[in-house]
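*Asks:* Residue numbers (the numbering used here), protein chains in the order written: chain G, 1 to 358; chain B, 1 to 197. Ideal placement from N, C-alpha and C gives every residue a C-beta, glycine not left out. Remember, it's a predicted structure, so these values are computed and weren't measured experimentally. Let me give you the structure first, and then I'll get to my questions.
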């Protein structure tokens with residue numbers, strides 16, 4: 001090997017990165033060539049000096065604090081991170097659109113509801129079906145569930161004026177002849193529309209009955225439940241619109257008896273669970289899948305109440321109970337049927353009536 | 001001691017104290033790189049600060065399955081090169097053959113015993129000056145290889161080139177450095193013709 005060839009391998013040799021035969025050849029050459037030996041010495045010195053770091057001056061003591069001060073104004077790292085990622089914005093927009101799409105029916109319902117204050121109700125098909133449980137002991141209580149996905153409370157003899165009464169979870173409005181005089185003072189009575197109250201003013205002396213019905217508007221496209229399947233002997237005579245309720249006034253053709261079906265928006269009872277007066281209901285109980293509608297019985301429910309096909313006739317004459325179905329967690333309505341007809345007739349009427357949502 | 005990668009994760013969760021710790025760990029090495037590249041203290045300090053700001057902003061891009069050191073040093077190098085370009089300094093990282101040729105060691109030079117010719121201190125000063133005369137591409141390689149003690153594979157990761165390419169570049173950088181040193185020696189009349197063999 002000549003000097004130029006040795007010179008080519010000196011760096012690797014100085015770092016021990018040559019094969020043994022090459023190393024032997026280089027060492028043999030270095031022992032004979034002063035030029036290459038000096039070259040090799042210089043390579044070693046360069047290696048040492050290049051690895052020395054003593055020439056790097058010290059950073060100023062406040063360097064770290066200066067960096068942190070420059071960072072802190074924009075400390076919200078997560079925000080900066082999101083801002084730097086346009087894909088995150090795209091994903092967020094897509095998620096928002098999807099969310100609006102999913103909940104559009106409820107959103108549109110809200111607008112329709114507002115709009116409906118100034119326009120007549122027009123029915124829209126829904127799987128409404130009455131659910132009624134009539135009370136006993138002379139009370140004519142009923143509950144009507146409009147849509148298939150609705151929340152039902154079958155009432156009992158609880159007087160709202162006396163929350164210490166027997167059934168803790170009841171919230172059903174009722175009255176009969178014995179309690180007629182107290183209705184005006186009761187909490188639920190305040191929810192009755194002015195016109196409905198007026199219509200009853202002349203017909204509450206005897207045998208006045210009412211059925212309280214609570215039903216959520218359910219399907220994605222519904223808004224205001226409109227009564228349908230009302231027995232033909234009842235004739236719709238008037239529809240009253242109020243800011244938070246619709247009152248459908250019916251008149252029985254045979255004796256001119258009046259029945260009012262009051263549909264009241266229950267925005268305050270939205271979301272999960274029942275609005276019970278004295279019992280708390282676990283919201284999770286109502287988080288059932290839509291397709292698995294079933295009745296959730298409360299503490300004192302009867303054996304028939306677990307039936308998924310809770311026909312009103314099965315429960316009508318039984319002891320007041322409370323049942324619930326959670327279907328629509330977004331919006332529901334309270335529907336009250338009242339009339340100066342006897343309890344059995346009111347029950348029959350409540351069982352017959354379905355609701356279409358508009 | 002908590003690892004750099006864990007600190008990075010904490011920073012991403014908004015813990016500014018973790019970033020402070022990270023700055024303390026790397027400020028000297030970052031500053032060493034930048035100072036070597038710029039040769040000016042104040043400029044190096046300003047650029048070093050920019051490096052850490054960039055690190056903070058781009059931390060979400062850091063792959064926590066890899067080492068943090070090479071990642072931050074790559075940012076240091078890139079930030080430094082960008083800063084020098086803004087100042088219209090000639091910065092190039094290409095390793096073209098044409099560029100190499102002017103730094104090839106001329107075989108007409110020869111050597112006396114360097115330890116007899118120079119004091120150690122003087123020799124170090126000469127080499128440091130020679131480093132500063134190197135193109136930034138070579139300077140970067142020299143820095144990473146000898147100042148930061150990275151091996152060839154780590155340098156390859158930092159510069160995003162192959163390991164073999166790193167080996168070639170290290171050789172060329174050393175040759176370029178040697179040529180500058182010999183040129184200085186020759187100017188002082190201390191270099192001699194290479195023997196005829």
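Are three or more beta carbon pairs between the stretch 89-98 of chain G and the stretch 49-64 of chain B nearer than 8 angstroms?
*Replies:* As far as the Cβ criterion goes, the stretch 89-98 of chain G does not touch the stretch 49-64 of chain B, which means the pair count is below three.
*Asks:* Establish whether the CB of residue 19(G) and some CB of chain B are separated by less than 9 angstroms.
*Replies:* Numbered from 1 along the first chain, position 19 holds the residue referred to as residue 19(G). No, because no Cβ of chain B sits closer than 9 angstroms to the Cβ of residue 19(G).
*Asks:* Measure the beta-carbon distance from residue 131(B) to residue 139(B) and round it to whole angstroms, keeping in mind my assumption that it falls under 8 angstroms.
*Replies:* Counting from one through the second chain, the residue named residue 131(B) turns up at place 131. Counting from one through the second chain, the residue named residue 139(B) turns up at place 139. Right, their Cβ atoms sit about 6 angstroms apart.
*Asks:* Looking only at C-alpha atoms, which of 146(B), 19(B), 176(B) and 142(B) sits nearest to residue 58(B)?
*Replies:* Your numbering for residue 58(B) matches position 58 in the second chain. If we check each option's Cα against that of residue 58(B), 19(B) comes out closest.
*Asks:* Measuring CB atoms only, is the stretch 6-19 of chain B touching the stretch 341-350 of chain G, in the sense that at least three cross pairs come out at less than 8 angstroms?
*Replies:* Output reads no: the stretch 341-350 of chain G does not touch the stretch 6-19 of chain B.
*Asks:* For the beta strand (DSSP E) containing residue 228(G), list its first residue and its last residue.
*Replies:* On the first chain, residue 228(G) is found 228 positions in, with the first residue counted as 1. Residues 225-228.
*Asks:* Residue 174(B) touches chain G at which residues, Cβ-Cβ below 7 angstroms?
*Replies:* Within the second chain, residue 174(B) is the residue found at index 174, counting from 1. Those within 7 angstroms of residue 174(B) in chain G are 11.
*Asks:* Using a Cβ-Cβ distance cut-off of 9 angstroms, determine whether residue 59(G) contacts chain B.
*Replies:* Here residue 59(G) refers to the residue found at position 59 of the first chain. Chain B, which has a Cβ nearer than 9 angstroms to the Cβ of residue 59(G), makes this yes.
*Asks:* Mark residue 185(B) as exposed unless 16 or more other C-beta atoms lie within 10 angstroms of its C-beta, in which case mark it buried.
*Replies:* What you label residue 185(B) is simply residue 185 of the second chain in a count that begins at 1. By the 10 Å Cβ count, residue 185(B) comes out buried.
*Asks:* Is residue 47(G) close to chain B? Criterion is C-beta to C-beta, closer than 9 angstroms.
*Replies:* Here residue 47(G) refers to the residue found at position 47 when the first chain is read from its first residue. Answer yes: the Cβ-Cβ gap between residue 47(G) and chain B drops below 9 angstroms somewhere.
*Asks:* Could you name the residues of chain B that residue 51(G) contacts, counting a contact when the two beta carbons are closer than 7 angstroms?
*Replies:* In the first chain, counting from the first residue as 1, residue 51(G) sits at position 51. Under the 7 angstroms cutoff, chain B gives 146.
*Asks:* For chain G, find out if any of its Cβ atoms is closer than 9 angstroms to the Cβ of residue 177(B); answer yes or no.
*Replies:* Position 177 of the second chain, counted from the first residue, corresponds to residue 177(B). With 9 angstroms as the cut-off, residue 177(B) counts as an interface residue toward chain G.
*Asks:* Pull up the distance between the alpha-carbon of residue 50(G) and that of residue 45(B), whole angstroms please.
*Replies:* Counting from 1 along the first chain, the entry for residue 50(G) is found at position 50. Counting from 1 along the second chain, the entry for residue 45(B) is found at position 45. In a straight line, the C-alpha of residue 50(G) is about 22 angstroms away from that of residue 45(B).
*Asks:* Along chain B, in chain order, which residues have C-beta atoms closer than 7 angstroms to that of residue 6(G)?
*Replies:* As a first step, residue 6(G) must be located in the first chain, where it is residue number 6. Correct list: empty, because the minimum Cβ distance to chain B is about 11 angstroms.
*Asks:* Pair every Cβ in the stretch 71-85 of chain B with every Cβ in the stretch 31-41 of chain B, then say whether three or more of these pairs are closer than 8 angstroms.
*Replies:* The stretch 71-85 of chain B vs the stretch 31-41 of chain B: in contact.
*Asks:* Applying the 10 Å Cβ sphere with the 16-neighbour rule, what's the burial state of residue 32(B)?
*Replies:* As a working note, residue 32(B) is residue 32 in the second chain. The residue is buried, with at least 16 neighbouring Cβ atoms inside 10 Å.
*Asks:* In the structure shown, what three-state DSSP assignment does residue 150(B) receive?
*Replies:* By one-based count along the second chain, residue 150(B) stands at place 150. Reduced to three states, the DSSP call for residue 150(B) is coil.
*Asks:* Buried or exposed for residue 236(G), going by 16 or more other Cβ atoms inside 10 Å?
*Replies:* The count along the first chain starts at 1 and reaches residue 236(G) at position 236. Classification for residue 236(G): exposed.
*Asks:* In chain order, what residues of the stretch 22-56 of chain B put their CB closer than 8 angstroms to some CB of chain G?
*Replies:* Those residues of the stretch 22-56 of chain B that come within reach of chain G (Cβ to Cβ, closer than 8 angstroms) are 23, 24, 27, 28, 31, 32, 35, 36, 41, 45, 48, 49, 52, 53 and 56.
*Asks:* Which residues in chain B have a C-beta closer than 8 angstroms to the C-beta of residue 66(G)? List them in chain order.
*Replies:* The sequence position of residue 66(G) within the first chain is 66, counting from 1. In chain order: 49.
*Asks:* Starting from residue 13(G), trace the alpha helix (DSSP H) in both directions and tell me its first and last residue.
*Replies:* The count along the first chain starts at 1 and reaches residue 13(G) at position 13. From DSSP, the alpha helix (DSSP H) with residue 13(G) extends over 3-14.
*Asks:* Output needed in chain order: residues of the stretch 127-145 of chain B with a Cβ under 7 angstroms from some Cβ in chain G.
*Replies:* Listed by position along the chain: 127, 128 and 142.
*Asks:* Looking only at its own chain, which residues have a Cβ that is under 7 angstroms from the Cβ of residue 21(B), when we skip the five neighbours before and after it?
*Replies:* Stepping through the second chain from its first residue, residue 21(B) is reached at position 21. For residue 21(B), where only same-chain residues beyond five positions count, the Cβ hits under 7 angstroms are 7.
*Asks:* Which chain B residues are close to residue 70(G), counting only those with a beta carbon under 7 angstroms from its beta carbon?
*Replies:* Here residue 70(G) refers to the residue found at position 70 when the first chain is read from its first residue. Result: 49 and 53.
*Asks:* So for residue 40(B), helix, strand or coil by DSSP?
*Replies:* Here the question's residue 40(B) lines up with position 40 in the second chain. Correct three-state label for residue 40(B): coil.
*Asks:* Examine the Cβ distances between the stretch 24-39 of chain G and the stretch 57-74 of chain G and report whether three or more of them are shorter than 8 angstroms.
*Replies:* No, the stretch 24-39 of chain G does not touch the stretch 57-74 of chain G.
*Asks:* In whole angstroms, give me the CA-to-CA distance for residue 343(G) and residue 98(G).
*Replies:* Translated into the one-based positions of the first chain, residue 343(G) becomes position 343. Translated into the one-based positions of the first chain, residue 98(G) becomes position 98. Taking the straight line joining both Cα atoms gives about 48 angstroms.
*Asks:* By Cβ distance below 7 angstroms, which residues in the same chain neighbour residue 145(B) in space, the five residues on each side in sequence not counted?
*Replies:* Along the second chain, one-based indexing puts residue 145(B) at 145. Cβ neighbours of residue 145(B) beyond the five flanking positions: 155 and 170.
*Asks:* Assign residue 340(G) to buried or exposed, taking buried as 16 or more other Cβ atoms, counted over all protein chains shown, within 10 Å of its Cβ.
*Replies:* On the first chain, position 340 is the one that residue 340(G) refers to. It is buried - the Cβ of residue 340(G) has at least 16 other Cβ atoms within 10 Å.
*Asks:* Taking only beta-carbon atoms, is residue 7(B) less than 9 angstroms away from chain G?
*Replies:* Locating residue 7(B) in the second chain gives position 7, where the first residue counts as 1. Not one chain G Cβ lies under 9 angstroms of residue 7(B).
*Asks:* Mind checking whether residue 70(B) and residue 157(B) have CB atoms under 9 angstroms apart?
*Replies:* The sequence position of residue 70(B) within the second chain is 70, counting from 1. The sequence position of residue 157(B) within the second chain is 157, counting from 1. A contact, by the Cβ cut-off of 9 angstroms.
*Asks:* For residue 55(B), which of 123(B), 41(B) and 9(B) has the nearest alpha-carbon?
*Replies:* Within the second chain, numbered from 1, the residue matching residue 55(B) stands at position 55. When each option's Cα is compared against that of residue 55(B), the closest is 9(B).
*Asks:* Rounding to the nearest angstrom, what Cα-Cα distance links residue 256(G) and residue 238(G) in this structure?
*Replies:* In the first chain, the residue the question calls residue 256(G) occupies position 256. In the first chain, the residue the question calls residue 238(G) occupies position 238. Taking the straight line from one Cα to the other gives about 14 angstroms.
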